[in-house]
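Trainee: Here the sequence shown stands for residues 1 to 239, where the numbers follow the UniProt record's numbering.
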Amino acid sequence: MSSHICKSASRVVRSLLSASKTSRFFTEGRAVAAATAVSLNSKVPLLASSAYGNGGSANASRGWLSGMFALPMAAYMVQDQEAHAAQMERTFIAIKPDGVQRGLIAEIISRFERKGFKLVAIKILVPSKEFAQKHYHDLKDRPFFYGLCAFLSSGPVVAMVWEGEGVIKYGRKLIGATDPQKSEPGTIRGDLPVVVGRNIIHGSDGPETAKDEINLWFKPQELVSYKSNAEKWIYEGNR
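See below:
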């Protein structure tokens, strides 16, 4: 019976959480769903007592208690599982010609690997100016657009795709601010380059940008999916 109750509770919680995703207050919606479950849990003894009295059905009372205790537990488990799965993502990282010419490829790759991110695609190429313009298309109205494209196409670029939980956001943190002078020590740009025009590396700034840049630089068959032996030492839970 307990197993059946837990499964039913999980279905209820998933329905609540699914409904909350349609709200623009997604995070608040999930929190409210979980809080509601916990609130109900605290009221179970009163509900059971008033419904059955001191001499009421013990089995029925236990059923109420089991069901209501299962609901907040299911809420926690479902939210934890969904959050864990949602955070796994891929991002595009490129070492620009100045980073390649300065021999910083190994240094940059090492920083991402030491963090625990997984390299799933890599190649070296000299992009054409036309290709560089596609890459920087969102900056085409900026006065530095053509200079930026000319520099990206001036030498070899190491294009990479990295995978991991929160890799897009944290990849940007590893890289640092666009201007090396404003980057924190410990970041790639804070430690290695000096001026903004030679900041050695590019990283996707969001999920949509990452998707577009990966599709621009790589064919689907160039992306590799594999399980790293290190993952069980990096992430919690089974992988």
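All residues carry an ideal CB built from backbone N, CA and C; glycine is no exception.
Quickly, what does DSSP pair ILE188 with across the bridge? List them, please.
Mentor: Answer is none; ILE188 lacks a bridge partner.
Trainee: How is the beta strand (DSSP E) around LYS123 delimited, first residue to last?
Mentor: 118-125
Trainee: Any idea which residues DSSP pairs ARG90 with across the strands?
Mentor: GLU163
Trainee: Kindly list the residues whose CB is nearer than 7 Å to the CB of ALA121, restricted to its own chain and excluding five residues on each side of it in sequence; keep chain order.
Mentor: MET160, VAL161, PHE218, GLU222, LEU223 and VAL224
Trainee: Quick one: grab the DSSP three-state call for ILE200.
Mentor: coil
Trainee: Could you give the first and the last residue of the continuous alpha helix (DSSP H) run that contains PRO193?
Mentor: From DSSP, PRO193 is part of no alpha helix (DSSP H); its letter is neither H nor E.
Trainee: Buried or exposed for THR178, please, with buried defined as at least 16 other CB atoms from any protein chain shown within 10 angstroms of its CB.
Mentor: exposed
Trainee: Does DSSP put VAL158 in a helix, a strand or coil?
Mentor: strand
Trainee: So, does the stretch 141-151 touch the stretch 206-220, judging by three or more C-beta pairs under 8 Å?
Mentor: no
Trainee: Please name the residue or residues paired with ILE95 in a DSSP beta bridge.
Mentor: VAL158 and ILE201
Trainee: Give every residue of the same chain whose Cβ lies closer than 8 Å to the Cβ of GLY166, excluding the five residues on either side of it in the sequence, and list them in chain order.
Mentor: GLN87 and GLU89
Trainee: Could you pull the start and end residues of the alpha helix (DSSP H) that residue 258 belongs to?
Mentor: Only positions 1 to 239 of the chain appear in this structure, which leaves residue 258 out of reach.
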